[in-house]
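Numbering (full-length UniProt numbering), first residue to last: 1 to 105. Take a look at the structure below.
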Amino acid sequence: MDHLRTYARLIDQAQARLLLSSHGYHLHHIVPKSLGGTDDTSNLVFLTHREHVTAHTLLAHIWPNQWFAVQIIALRTRQRLPRWKRRRITWQTALVHRLARARGV
1 MDHLRTYARL IDQAQARLLL SSHGYHLHHI VPKSLGGTDD TSNLVFLTHR
51 EHVTAHTLLA HIWPNQWFAV QIIALRTRQR LPRWKRRRIT WQTALVHRLA
101 RARGV
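As structure tokens, then:
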């Protein structure tokens with residue numbers, strides 16, 4: 001399976017989608033910040049939850065030494081929890097991101 005081609009197709013389809021509202025969508029960095037991506041609008045795309053999990057799974061296959069696997073776990077876990085627990089997961093995910101950046105991962 002060509003993971004990079006599949007990832008590009010997923011991003012292309014999401015960019016072509018007509019959105020009337022961003023409600024229910026996740027904001028995703030096309031080129032991850034850990035790989036030099038920016039917060040510029042050209043590097044951001046709205047994905048459904050399923051597409052977001054798929055995107056991070058593909059990124060984990062494309063760049064196996066990065067910490068995308070941690071984000072996949074967080075994304076998969078977050079949807080199954082009650083709303084009050086989701087906030088805690090978000091806080092814990094932010095902590096993991098800070099630790100990963102501090103370690104240079």
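Each residue gets a CB set at the ideal place from its N, CA and C atoms; glycine is no exception. Everything numeric in this text was worked out from a predicted model, so none of it was measured.
Residues that DSSP places opposite residue i in a beta bridge
| i | result |
| --- | --- |
| Leu-44 | His-29 |
Boundaries (first-last residue) of the alpha helix (DSSP H) holding residue i
| i | result |
| --- | --- |
| His-3 | 3 to 16 |
| Leu-58 | 49 to 62 |
Collapsed DSSP secondary structure at residue i in the structure displayed
| i | result |
| --- | --- |
| Leu-20 | coil |
| Val-105 | Only weak support is given to the placement of Val-105: the predicted model assigns it a pLDDT of 48, under 50, and the value that follows is read from those uncertain coordinates. Coil at Val-105, not helix or strand. |
Beta-carbon proximity list for residue i, same chain, < 8 Å, skipping 5 on both sides
| i | result |
| --- | --- |
| Asn-43 | His-29, Ile-30, Val-31, Gly-37 |
| Tyr-7 | Ala-55, Leu-58, Leu-59, Ile-62 |
| Gln-66 | Pro-32, Ser-34, Leu-35, Leu-59, Ala-60, Val-105 |
| Arg-9 | none |
Own chain, CB closer than 7 Å to residue i, minus 5 neighbours either side, in chain order
| i | result |
| --- | --- |
| Leu-4 | Ile-62 |
| Leu-47 | Ala-14, Tyr-25, His-26, His-28, Ala-55 |
| Val-45 | Ile-11, Ala-14, Gln-15, His-28, Ile-30 |
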